[in-house]
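K.L.:
There are 2 protein chains.
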Amino acid sequence: MSEAIGRLGTGAGGTRNISGTHHAMVTLEETLAELHQKEAALVMTSGYVTNQAALSTIASMLPGCIIFSDEFNHASMIHGIRDSKCEKHVFRHNDIAHLESLLAAADPTRPKLIAFESVYSMDGDISPIKAICDLADKYDAITYLDEVHAVGMYGDHGGGVAEHEGLMDRLTVIQGTLGKAYGVMGGYIASSRVLIDMVRSYAPGFIFTTSLPPALTSGANASIRHLMESGDERAKQKYNVQVLNDMLHKAGLPVMPTMSHILPVLVGDAVLCKQASDMLLNQFDIYVQPINFPTVPRGTERLRLTPTPCHTHAMMFELVRALVWVFERLGIKADVESLEEVA
Amino acid sequence: MSEAIGRLGTGAGGTRNISGTHHAMVTLEETLAELHQKEAALVMTSGYVTNQAALSTIASMLPGCIIFSDEFNHASMIHGIRDSKCEKHVFRHNDIAHLESLLAAADPTRPKLIAFESVYSMDGDISPIKAICDLADKYDAITYLDEVHAVGMYGDHGGGVAEHEGLMDRLTVIQGTLGKAYGVMGGYIASSRVLIDMVRSYAPGFIFTTSLPPALTSGANASIRHLMESGDERAKQKYNVQVLNDMLHKAGLPVMPTMSHILPVLVGDAVLCKQASDMLLNQFDIYVQPINFPTVPRGTERLRLTPTPCHTHAMMFELVRALVWVFERLGIKADVESLEEVA
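Residue numbers (the working numbering), protein chains in the order written: chain A, 1 to 343; chain B, 1001 to 1343.
#1: For A1041 (chain B) versus A1190 (chain B), is the C-beta distance shorter than 7 angstroms?
#2: Against V1049 (chain B), what residues of chain A qualify as contacts under a CB-to-CB distance less than 7 angstroms, listed in chain order?
#3: With DSSP collapsed to three states, give me the class of F1091 (chain B).
#4: Candidates A:G155, A:G158, A:Y120, A:R170: which alpha carbon is nearest Y144 (chain A)'s?
#5: Quick one, are the C-beta atoms of T1057 (chain B) and Y1239 (chain B) less than 7 angstroms apart?
#6: Please classify F1086 (chain B) as buried or exposed, where buried requires at least 16 neighbouring CB atoms within 10 angstroms.
#7: Which residues in chain B have a C-beta closer than 7 angstroms to the C-beta of H79 (chain A)? List them in chain order.
#8: Using a Cβ-Cβ distance under 7 angstroms, would I1018 (chain B) count as near chain A?
#9: Measure the Cβ-Cβ separation of K1236 (chain B) and P1309 (chain B) and say whether it is below 7 angstroms.
#10: Compute the distance between the beta-carbons of C65 (chain A) and L99 (chain A), then report whether it is under 7 angstroms.
#11: As a quick exercise: from B:S1076, B:H1093, B:T1258, pick the residue whose alpha carbon is nearest that of V1148 (chain B).
#12: Suppose only complete runs of 4+ residues qualify. What are the alpha helix (DSSP H) ranges in the region 149-220 of chain A, listed by chain order?
#13: Please decide whether G1124 (chain B) counts as near chain A, where near means a Cβ-Cβ distance under 7 angstroms.
#14: When you compare each of A:I224, A:D278, A:F206 to G179 (chain A) by their alpha carbons, which one comes out closest?
#15: Does G1179 (chain B) come within less than 7 angstroms of chain A when only Cβ atoms are used?
#16: So is N1282 (chain B) buried or exposed if we call it buried at 16+ other beta carbons inside 10 Å?
#17: Return the residues of the region 230-255 of chain A that lie within a Cβ-Cβ distance of less than 9 angstroms from chain B, sorted by chain order.
#18: Buried or exposed: T1172 (chain B), going by 16 or more other Cβ atoms within 10 Å of its Cβ?
#19: Please list the partners that F208 (chain A) has in chain B, where partner means a Cβ-to-Cβ separation under 7 angstroms.
#20: Taking the alpha-carbon of M1316 (chain B) as reference, which of B:I1196, B:M1247, B:V1026 has the nearest alpha-carbon?
#21: Let me see if you follow: with CB-CB separation under 7 angstroms, is T45 (chain A) close to chain B or not?
#22: May I ask which residues mark the beginning and end of the beta strand (DSSP E) holding S1121 (chain B)?
#23: Along the chain, where does the beta strand (DSSP E) that runs through S1069 (chain B) open and close?
#24: Strictly under 7 angstroms for the Cβ-Cβ distance: is M1185 (chain B) near chain A by that measure?
#25: Could you give the distance in angstroms between the alpha-carbon of A1097 (chain B) and the alpha-carbon of K1138 (chain B)?
#26: Do M1168 (chain B) and A1162 (chain B) have their CB atoms nearer than 7 angstroms?
#27: Along the alpha helix (DSSP H) that carries M1279 (chain B), what are the first and last residues, could you check?
#28: Does the CB of Q289 (chain A) have a neighbour CB from chain B at under 7 angstroms?
#29: Determine the extent of the alpha helix (DSSP H) in which T346 (chain A) is found, giving its start and end residues.
#30: Could you give the DSSP three-state label for M44 (chain A): helix, strand or coil?
#31: Just to confirm the assignment, what range does the beta strand (DSSP E) spanning I1142 (chain B) have?
#32: In angstroms, rounded to a whole number, what distance separates the CA positions of P63 (chain A) and T109 (chain A)?
#33: Using CA coordinates, which residue listed in B:L1216, B:V1151, B:V1288, B:D1107 is at the minimum distance from A1033 (chain B)?
#34: Looking only at C-alpha atoms, which of B:L1253, B:H1074, B:D1140 sits nearest to L1055 (chain B)?
#35: What would DSSP say about R304 (chain A), mapped onto helix, strand or coil?
#36: Which value, in whole angstroms, describes the spacing of the CA atoms of E1337 (chain B) and V1255 (chain B)?
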């Protein structure tokens, strides 16, 4: 009865501050706070919305805030930073010296926020989190770390690169996704209770939208809890990344240097990149997407590979053999050795 | 095999332009195009994201575009309009004469876009769609109509107020939600193939985010298809709205004038509004949320009621009786008659 009458007020769904904060959502936010060892967490409908809403709100609520942003930050972070209308300085990708020079040049009395990612998804490199936290301490800045390509996959409990490196407590805000490794959808931030309450109270992208339904939040919670207890999937993925990376190198394919599970194979031309993707699908039933401008700079078009824990040695060998065939047919610059050596 | 290898490229989920455009998504977009009698539709993760991404992209892609925006437009539309960086003129709510004066004063050679809603959710009033389309024709403007509070609930097939009034073909873009009446989550636009392709190709809020999973898109499609064929739910809701509105009036409760299924009951004070909501929940097991600033202007705080097709006469009477009790206890200004007359 009360449930039926409840719908008088809200209809299905409902915004978070009205009726959308259901039991499964509260449970999920408690799990996320525990995962990152923070006081609280706040879930939104996507990682994109989270970055846009959280960064714009946090920065605009700090009077005179200056934002220091890695040049390779994701489109959603750039969107949030732009919406904050704060003064912004872009530092060269993972360049600590450049970041320090910008911090040192800024007014020491103004609030500062450093926004960066742990794993950068297009190149597979990892940021110097500790060095950036040291600079944040030195120049009294808060830190906002996007771990979207790391949660579930790094750290003893899947807390990301910051957990792996024992640095979670040094970050003001950790942002992550319920998609990718966790296989569902949605995004979140974990931070202090006060900061989370501020975003909850002031971010239009959080306030004026429908909550994620219980089926998704419960699924995400189960996925996170599983990966908090089980390290098997992380170990197997790490092993598969090593195996596939070795195979690609031995085959002479132009795999770009990587520090993570992301293995970019350089093509360097948008048309060839699309053709390679089409040939892999049509001739080999293998689906690898072309990554072209504006996602990566022109001239660095690539195929991007990420083995899962479930891929077998045979599957990865089949992929490498197909890539060699396609790269040769299309005349993509590569130094292919004998395939026997690869296997 | 190909499916397993497919995951090498993308992980779970995936963005729409990379791997997230699955069969259930394509089916849903075809249904939405059919619902609104448009060439194409584009689904995003929420109505908020849809308004933000579509309005900012459409307007910014039209060189020199001037936007004319109803003053009561939703926060998501305001966000999109702001992000477009276009010149903007706000017209008084549903004020055709004011809109025309702004259109007439603008440079006739510049592109123009009129952004408005059909049902305004806080007051329950409905915009003069035909008169706005007539002005759009006269001043060569395109139109963007938010039907979030109308799809599923109005029109012979649930196409919204524009369908009910036979005006869908006169609107350039119709925007809607997969939440609310359809009970799932997500948002969309329906329009010409060219415009949809433009938003698909240029909107960061669409490009750089994970697709809705098949369970949600299939659920939404089933819900829309059902309400395209069945008018029962619409008829029953319309009847219940009339019954509840009559009950509220007869009880002397300060129900605000409405043209839709939304019945706002004025409280006029944020503290009393919250207290009324708490008392309804704690004393009567009835959950009605307080609607306070910034969602509505200060001094117009209210409780907002929307009966579903499934509420019974007895449930609605119980609600009205509880409201009378609460309003009397809290001394909220109302002109309560005898409850006998209400039932």
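All residues carry an ideal CB built from backbone N, CA and C; glycine is no exception. The model shown is predicted, which means the values in this text are computed figures rather than measured ones.
P.N.:
Let me spell this out:
#1: yes
#2: The contact set of V1049 (chain B) on chain A, defined by CB atoms closer than 7 angstroms, consists of V49 in chain order.
#3: strand
#4: A:R170
#5: no
#6: A quick correction: the sequence has Cys, not Phe, at residue 1086 (chain B). C1086 (chain B) should be labelled buried.
#7: P1204
#8: Cβ-Cβ to chain A under 7 angstroms: yes for I1018 (chain B).
#9: In this structure, P1309 (chain B) lies closer than 7 angstroms to K1236 (chain B) by Cβ.
#10: No. Outside cutoff.
#11: Closest option to V1148 (chain B), Cα to Cα, is B:S1076.
#12: 161-164, 193-202, 204-207
#13: no
#14: A:I224
#15: yes
#16: exposed
#17: L244
#18: buried
#19: Y1048, H1074, A1075, S1076
#20: Answer by Cα proximity: B:M1247.
#21: yes
#22: No beta strand (DSSP E) contains S1121 (chain B), which DSSP labels as neither H nor E.
#23: 1066-1070
#24: yes
#25: 13 angstroms
#26: yes
#27: 1270-1284
#28: yes
#29: Beyond the ends of chain A as shown, which are 1 and 343, falls residue 346 (chain A); an answer cannot be given.
#30: strand
#31: Per DSSP, the continuous beta strand (DSSP E) segment holding I1142 (chain B) begins and ends at 1141-1146.
#32: 11 angstroms
#33: Of the candidates B:L1216, B:V1151, B:V1288, B:D1107, the one whose C-alpha sits nearest the C-alpha of A1033 (chain B) is B:V1151.
#34: Checking every option, the nearest Cα to that of L1055 (chain B) belongs to B:H1074.
#35: strand
#36: In this predicted model, E1337 (chain B) has a pLDDT of only 49, less than 50, meaning its place in the structure is not dependable enough to derive any value.
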